[in-house]
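Contents: one structure, followed by commentary.
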Amino acid sequence: MAFTALARPLITVYDEKNEKTGQTVSLPAVFRAPIRPDVVNFVHQNMSKNARQPYCVSRLAGHQTSAESWGTGRAVARIPRVRGGGTHRSGQGAFGNMCRGGRRFAPTKQWRRWHRKISVNMKRYAVCSAVAATGVPGLVMSKGHMIQETNEVPLVVSDKVQEFTTTKQAVSFLRQTNSWPDIQKVYKSQRTRAGKGKLRNRRRVQRKGPIVVFAKDQGLSLAFRNIPGIDTINVEALNLLKLAPGGHVGRFTIWTESAFKKLDSLYGTWRAPSTLKKGFNLPSTKMANTDLAALLKAPEILRVCRRPNKVVAKRQSKRNPLRNVHAMLRLNPYAAVVKQAALGEEKKATELKAARADKAKKAAASRKPKKVDEEVQKRKQARQEAGKKKLEAVKAKIAASKAKKGKK
Numbered sequence: 001m002a003f004t005a006l007a008r009p010l011i012t013v014y015d016e017k018n019e020k021t022g023q024t025v026s027l028p029a030v031f032r033a034p035i036r037p038d039v040v041n042f043v044h045q046n047m048s049k050n051a052r053q054p055y056c057v058s059r060l061a062g063h064q065t066s067a068e069s070w071g072t073g074r075a076v077a078r079i080p081r082v083r084g085g086g087t088h089r090s091g092q093g094a095f096g097n098m099c100r101g102g103r104r105f106a107p108t109k110q111w112r113r114w115h116r117k118i119s120v121n122m123k124r125y126a127v128c129s130a131v132a133a134t135g136v137p138g139l140v141m142s143k144g145h146m147i148q149e150t151n152e153v154p155l156v157v158s159d160k161v162q163e164f165t166t167t168k169q170a171v172s173f174l175r176q177t178n179s180w181p182d183i184q185k186v187y188k189s190q191r192t193r194a195g196k197g198k199l200r201n202r203r204r205v206q207r208k209g210p211i212v213v214f215a216k217d218q219g220l221s222l223a224f225r226n227i228p229g230i231d232t233i234n235v236e237a238l239n240l241l242k243l244a245p246g247g248h249v250g251r252f253t254i255w256t257e258s259a260f261k262k263l264d265s266l267y268g269t270w271r272a273p274s275t276l277k278k279g280f281n282l283p284s285t286k287m288a289n290t291d292l293a294a295l296l297k298a299p300e301i302l303r304v305c306r307r308p309n310k311v312v313a314k315r316q317s318k319r320n321p322l323r324n325v326h327a328m329l330r331l332n333p334y335a336a337v338v339k340q341a342a343l344g345e346e347k348k349a350t351e352l353k354a355a356r357a358d359k360a361k362k363a364a365a366s367r368k369p370k371k372v373d374e375e376v377q378k379r380k381q382a383r384q385e386a387g388k389k390k391l392e393a394v395k396a397k398i399a400a401s402k403a404k405k406g407k408k
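Heads up, the sequence shown is in UniProt numbering, so the first residue is 1 and it goes up one at a time.
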């Protein structure tokens, strides 16, 4: 993200009453540096780890009892058991992480790697990105800051603000510059923390307000320190944790004139390196202009680009060539010849079979019928008649026996 196209060459300086002083300052080159949220988030995450305090459980936790295993052969587990008697505690398991009152598994140690090393160039890159983001109104508003009525972003005020010594002066200045709605947002957000942080001296939470960057503290820090949500910082000691709280760029920043003019000597320009930070060059952007809509419509670019291609290739379903003739012909055009030859052979075989059937039928019709042997026929009829007589005799016998039973 590089908002070079949004940069203004001159910034107006306002006094403590929000009136133009008639002076303008050129926008420092650091405000045109590339905004890299990934670098800012990475550096912020590692910097915040450097304030952690080591902690661990006690070395003796879970082992402050006299216990010894009963060994095998007693039908109980081999875990160490508390000695003695006369109480429920005796005989109970001890030491193990599965036991009540035992130590935890892999207890925390104080020699953990708590802090992280960060390269100086990466830290400076992150600060440049955070400073550049403070000059983009869209990013500042997306962070939740109430700057709708503010004259300009970045807001540059005269050095008289550095001479403030009372909170009354600071509040009057914030009201005059229309920055007070951002403080009211902080007042409305004050609430009790959810969770155990309430017990650890972190009971109240609130949103972040503006940050005031000065070049010389002539009482300014005393004037602003009692206003909730507001921070003050020296321009020579810009802290990423304050410029991008939570690792998110775009905090509302109020610059004094001398601090604003000092940014070029601190971070340099693309023509000259920094004079106060040895060996540091301002990071350059990947794109000089990020207005893609204007770039794509520029006649110089359209002249060398081809016309848009509107041909849409439709998805074709894949056919099985063993079942689909057209798919097979695309793969093997000779398959049509093979198919035609196979059909011709099949037709010939069918015709040959039909001819053979006709020939057999004609041959059967031309044969003379065989003479039936008369003697065999007579014997067959005689056997049939004998069988009928025998059947009638059996039926008559059965009927006679039934008649006798009926008379009795």
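Yeah, the Cβ is synthetic: ideal placement off N, Cα and C, and Gly gets one too. These numbers were taken from a predicted model, which means no experiment stands behind them.
Residue environment: T108 is assigned as exposed (fewer than 16 neighbouring CB atoms within 10 Å of its CB, all protein chains considered). Note on T256: 16 or more other CB atoms within 10 angstroms of its CB, so buried under the neighbour-count rule.
Judged by DSSP secondary structure, T24 falls within the beta strand (DSSP E) whose first and last residues are 20-26.
A straight line joining the alpha-carbon of V120 with that of G229 spans about 29 Å. Cβ-Cβ distances below 8 Å link K339 to V325 in the same chain, with the five nearest sequence neighbours on each side left out; the list follows chain order. Nearest Cα to W70 within the set G91, G85, Q381: G91. When secondary structure is reduced to three states using DSSP, D15 falls in the coil class, being assigned neither helix nor strand.
Cβ contact annotation for G96 (same chain, cutoff 6 Å, sequence separation greater than five): I79, G102, in chain order. Counting other Cβ atoms within 10 Å of its Cβ, D15 reaches 16 or more and is therefore classed as buried.
The Cβ-Cβ distance between V235 and V213 falls below 8 Å.
Assignment of beta-bridge partners to I211 by DSSP yields D231, T253. Judged by beta-carbon spacing, I11 lies within the 8 Å limit of E152, meaning their Cβ atoms are closer than that value. Closest by C-alpha distance to A237, out of K362, D217, A106, V249, is D217. Sixteen is the threshold: when 16 or more other Cβ atoms of the shown chains lie within 10 Å of the Cβ of P154, as they do, the residue is buried. When DSSP states are grouped into helix, strand and coil, A272 belongs to the coil group. Nearest C-alpha to V82 among R74, S66, A132: S66. Shown here, A67 sits in a strand according to DSSP, grouped into three states. Taking all protein chains shown into account, L322 has fewer than 16 neighbouring C-beta atoms within 10 Å of its C-beta and is therefore exposed.
Secondary structure note for V157: its beta strand (DSSP E) is the uninterrupted segment 155-157. Spatial neighbours of P283 in its own chain (CB-CB distance under 7 Å, excluding positions within 5 residues in sequence) are listed in chain order as A33, P34, Y125, C128. Separation of Q176 and V157 (C-alpha to C-alpha, rounded to the nearest whole angstrom) is 12 Å. Looking at the DSSP output, L10 shares a beta bridge with S26. Sixteen is the threshold: since fewer than 16 other Cβ atoms of the shown chains lie within 10 Å of the Cβ of D358, the residue is exposed. Within the same chain, Cβ atoms closer than 7 Å to the Cβ of N41 are found at G247, the five residues on either side in sequence being excluded. Listed in chain order, the non-local C-beta contacts of N18 below 6 Å within the same chain comprise Q176, T177, local neighbours out to five positions each way being set aside. Of the candidates K353, L331, L240, T290, L240 places its Cα closest to the Cα of M47. The residue from V205, T269, T150, D182 with its alpha-carbon nearest to that of Q190 is V205.
In the three-state reduction of the DSSP assignment, R356 falls in the helix class, which pools H, G and I.
Taking the Cα of L60 as reference, the smallest distance to any Cα among A29, T21, R104, G22 is reached at R104.
Between F31 and V140, the CB-CB gap reaches or exceeds 8 Å. In this structure, A244 and H44 form a Cβ contact; the two beta carbons are roughly 6 Å apart against a cut-off of 8 Å. With contacts defined by Cβ atoms closer than 8 Å, I183 and G219 do not form a contacting pair.
Taking 4 residues as the minimum length, the alpha helix (DSSP H) runs contained wholly in the stretch 272-312 are 292-296, 299-304, in order along the chain. Pairing L266 with L27, the inter-Cα distance amounts to about 14 Å. Assignment of beta-bridge partners to V82 by DSSP yields A67.
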